[in-house]
Amino acid sequence: MATEIPAWPAPIQHSLEEALDYIGSALWDMVDKAKAALVPTPTRVVHVNPGRQVPWDECCVGQLAGRVLTVTPFTGPRGSSALACGVTEWIVTLGISIIRCVATVNDNGVAPTTKEMDADGLQMTRDLANLQRVIQCHPAVRTLGAWNPQGNQGGCGGGEWTFQIRVPVCPCGDH
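Heads up: the sequence shown begins at 0 in numbering that gives the first Met the number 0, then just goes up one per residue.
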């Protein structure tokens, strides 16, 4: 049974001795599209964060980031396949987050106004909607997960969409 190659950006391959990287390619493409869709446009963009947690380095310029949450084997409805590793495809859960400045208690201990908090909340829902459209309309996405707001910390707040893509199993041996 031949594994179908998805109709989304070509996988990255640095040399013939390395596997095809479908995950990095798809996430990079989605983060680029997300950057173009967000208003105001975030200045700090991390296409593929190299760990599970994205550090909140520069939220006041807008920080957009992609990350890999899990990679899980799918073995098919009968629990196995004829492929060498027994895996039919990989189900990859990804996340794209946006963090921005939010109003906070100032140096004099004065809480933000209702108007400031409403503006921050509306920016979050605007970002939520724009990211949702990019993700759900991308050809690599198979399942849209959930929007997870991030707790405000140090004057930063925002959230992350999670979603799944399916990646074909790279064959063993020759490419």
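Just so it is clear, CB atoms sit at the ideal spot from N, CA and C, and this is done for glycine as well.
If I measure Cβ to Cβ from Ala9 and keep anything under 7 Å in the same chain, skipping five residues before and after, which residues do I get?
Its chain contains Ser24 as the residues whose beta carbon lies nearer than 7 Å to that of Ala9, once the 5 sequence neighbours on both sides are disregarded; these appear in chain order.
Cβ of Ala36 within 8 Å of Cβ of Leu63?
At least 8 Å separates the beta-carbon of Ala36 from that of Leu63.
Distance CB(Leu130)-CB(Ile95) smaller than 8 Å
Between Leu130 and Ile95, the CB-CB gap stays under 8 Å.
So, for Gln12: in the same chain, excluding its five sequence neighbours on each side, which residues have a beta-carbon less than 6 Å away from its beta-carbon?
Hits under 6 Å: Leu19.
With a 10 Å radius around its C-beta and 16 neighbouring C-beta atoms as the bar for buried, classify Leu121 as buried or exposed.
Its Cβ having fewer than 16 others within 10 Å, Leu121 is exposed.
Span of the beta strand (DSSP E) around Leu63
Under the DSSP assignment, Leu63 falls in the beta strand (DSSP E) whose first and last residues are Gln62 to Phe73.
Which term fits Ala1, buried or exposed, when burial requires 16 or more other beta carbons within 10 angstroms of its beta carbon?
Confidence at Ala1 is low in this model, with a pLDDT of 47, below 50, so the placement of that residue is unreliable and no value is reported for it.
When the Cβ atoms of the region 136-144 are set against those of the region 155-164, are three or more pairs found closer than 8 Å?
Touching, yes, given that three or more Cβ pairs across the two stretches are closer than 8 Å.
Cα-Cα, which of Ala118, Val101 and Glu16 is closest to Cys58?
The shortest C-alpha separation from Cys58 is found at Val101.
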